[in-house]
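The structure appears right after this line, and notes come after that.
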C-alpha cells in the first residue's frame with residue numbers, strides 16, 4: 002500500500018500533462034484526504050477543474066512557484082509534494098534564460114523552503130534527461146534544481162522533510178510530444194520533419210511515469226535520484242509507427258538538442274545502483290541518515306545510460322500498441 006494513500010498531497014504545475022494524469026491516478030487509486038493543485042494559468046486550471054467535476058478532495062490554488070509565500074500557504078497541512086512545475090521549452094530558454102532560472106532554480110528553492118517550513122514528509126521533484134550532461138540552458142537549470150533537491154536533505158537534516166528526484170525521458174501523450182504533429186502532417190499529406198535519421202530517444206507513457214513517481218515515494222529515504230529502466234526508440238521507427246509510409250525530410254539538429262539523450266552520465270557511474278525497474282544515483286555526501294537500497298547492484302565503471310546504448314528497445318509494432326494505433 003502506498004504511503005500516499007489517505008494523505009494530503011500537493012502537486013505544483015498540476016494542470017500540465019503529467020499533472021492531469023497524476024490527479025486522475027491519485028483520485029482513482031490513492032483515496033487522498035486532500036489533493037492540492039497549485040498552478041499559475043487560470044484558464045488551464047479552469048479546464049482541468051471541469052475534467053474532474055466537483056470532487057471535494059480537490060483544492061485549487063492560483064500561484065507561481067516563484068512566490069514562496071503562496072507556496073507556504075498552499076502547503077499548509079500537506080503530507081507529500083510532487084514538484085512538476087517548470088518552464089520546459091529548449092529554444093524558449095535560449096531566448097529567455099533568466100526567466101527559466103527564476104522558475105526552475107529559484108522556484109525549486111522556494112518549494113524546498115515551503116516544504117520544510119510546513120513539515121511536509123516527502124517531496125519528489127520531476128527532472129528530465131536533458132539535466133544529464135546538459136548542453137542547453139533548460140537542461141542546466143534542471144541540473145541545478147536536481148542538486149538543490151538532493152542537497153536540501155542536509156538543509157532539512159533536523160526536520161522531518163526528505164527530498165528525492167525522478168528523472169525520465171520523452172513522455173508519450175505529453176504536450177511536447179512529436180507524435181500529434183506527425184499524425185497531423187500525415188493527415189494533411191505533408192512530409193514529416195526529422196532532425197536526424199540517426200536520432201534515438203527514451204520513451205515512457207504518462208501512466209508509467211505517474212506510477213514510477215508514486216512508487217518512488219514508497220522507496221525513498223531522501224537523497225536518491227531515481228531513473229526508470231525504460232526503452233529507447235529510433236526516430237525512423239517512431240515515424241513508421243505513427244505515420245506508416247509518410248515521406249520525411251531531415252531538418253538538422255536544433256540548437257541545444259542532442260543526437261542521443263542521456264539520463265545517467267559516465268561520471269555518475271560510481272554512485273549508481275541498479276534495481277529491478279530503475280537505477281538509483283546516490284548522493285555524493287549524505288549526512289542526514291541516507292540508507293542505500295539493500296537490493297541494489299553496482300553498475301560497471303564505464304556505465305553511461307544513453308538512448309543509443311540501452312538494452313531495451315521499442316519496435317514499430319510495440320510503439321503502435323502503446324499509442325493505440327492500428328498495427
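In the numbering used here, the protein residues as written are 2 to 328. Glycine is no exception: its CB is placed at the ideal position from the N, C-alpha and C atoms.
Would you mind working out which of the options sits nearest residue i, comparing C-alpha positions?
i, options, result
"residue 125", "225, 73, 53", "225"
"residue 87", "120, 185, 111, 187", "111"
"residue 247", "291, 31, 189", "189"
"residue 199", "135, 71, 237", "237"
"residue 304", "12, 76, 181, 275", "275"
"residue 212", "7, 25, 48, 90", "25"
"residue 102", "70, 84, 140", "140"
"residue 233", "292, 222, 319", "319"
"residue 257", "81, 131, 251, 160", "131"
"residue 105", "127, 121, 120, 155", "127"
"residue 153", "89, 272, 223, 208", "223"
"residue 9", "2, 183, 34", "34"
"residue 192", "245, 277, 147", "245"
"residue 17", "299, 44, 74, 298", "44"
"residue 61", "160, 68, 50", "50"
"residue 260", "108, 235, 206", "235"
"residue 332", "96, 100, 107, 32", "Summary: the structure shown does not reach residue 332, with the chain confined to residues 2 through 328, and so no result is reported for it."
"residue 239", "90, 322, 115", "322"
"residue 295", "306, 277, 286", "277"
"residue 65", "280, 219, 115", "115"
Do residue j and residue i come within 8 Å of each other at the CB atom, strictly closer than that value?
i, j, result
"residue 133", "residue 201", "no"
"residue 53", "residue 113", "no"
"residue 334", "residue 254", "Nothing can be reported for residue 334, as the shown portion of the chain is limited to 2 through 328."
"residue 315", "residue 204", "yes"
"residue 251", "residue 317", "no"
"residue 145", "residue 79", "no"
"residue 230", "residue 173", "no"
"residue 215", "residue 5", "yes"
"residue 288", "residue 157", "no"
"residue 73", "residue 32", "no"
Which value, in whole angstroms, describes the spacing of the CA atoms of residue i and residue j?
i, j, result
"residue 30", "residue 94", "36 Å"
"residue 14", "residue 63", "10 Å"
"residue 282", "residue 23", "24 Å"
"residue 162", "residue 181", "39 Å"
"residue 284", "residue 269", "10 Å"
"residue 48", "residue 58", "17 Å"
"residue 291", "residue 301", "23 Å"
"residue 311", "residue 228", "13 Å"
"residue 76", "residue 187", "45 Å"
"residue 165", "residue 83", "10 Å"
"residue 326", "residue 184", "Residue confidence for residue 326 is low, a pLDDT of 42 falling below 50, so the modelled location carries little weight and cannot support an answer."
"residue 194", "residue 137", "21 Å"
"residue 328", "residue 98", "Only weak support exists for where residue 328 lies, its pLDDT of 37 falling under 50; the value from the coordinates is given anyway. Using only the alpha carbons, I get a separation of about 43 Å."
"residue 2", "residue 155", "29 Å"
"residue 46", "residue 221", "30 Å"
"residue 129", "residue 210", "12 Å"
"residue 207", "residue 85", "13 Å"
Mapping the DSSP letters down to three states, classify residue i as helix, strand or coil.
i, result
"residue 117", "helix"
"residue 194", "strand"
"residue 156", "helix"
"residue 30", "helix"
"residue 77", "coil"
"residue 139", "helix"
"residue 217", "helix"
"residue 126", "strand"
"residue 298", "strand"
"residue 1", "Only positions 2 to 328 of the chain appear in this structure, which leaves residue 1 out of reach."
"residue 11", "strand"
"residue 96", "helix"
"residue 200", "coil"
"residue 304", "coil"
"residue 313", "coil"
"residue 326", "Reliability fails at residue 326, whose pLDDT of 42 lies under 50, so the model's placement of it is uncertain and no value is given."
"residue 262", "coil"
"residue 206", "strand"
"residue 273", "strand"
"residue 25", "helix"
"residue 18", "helix"
"residue 225", "coil"
"residue 173", "strand"
"residue 151", "helix"
Closer than 7 Å: is that where the CB of residue i sits relative to any heavy atom of the ligand ADP?
i, result
"residue 309", "Summarising the ligand content, the structure contains no ligands, and the ligand ADP is consequently not present."
**Asked** With a cut-off of 8 Å, do at least 3 Cβ pairs link the region 261-280 to the region 161-170?
**Response** yes
**Prompt:** Is the region 35-48 in contact with the region 3-17, if contact means three or more CB pairs nearer than 8 Å?
**Reply:** yes
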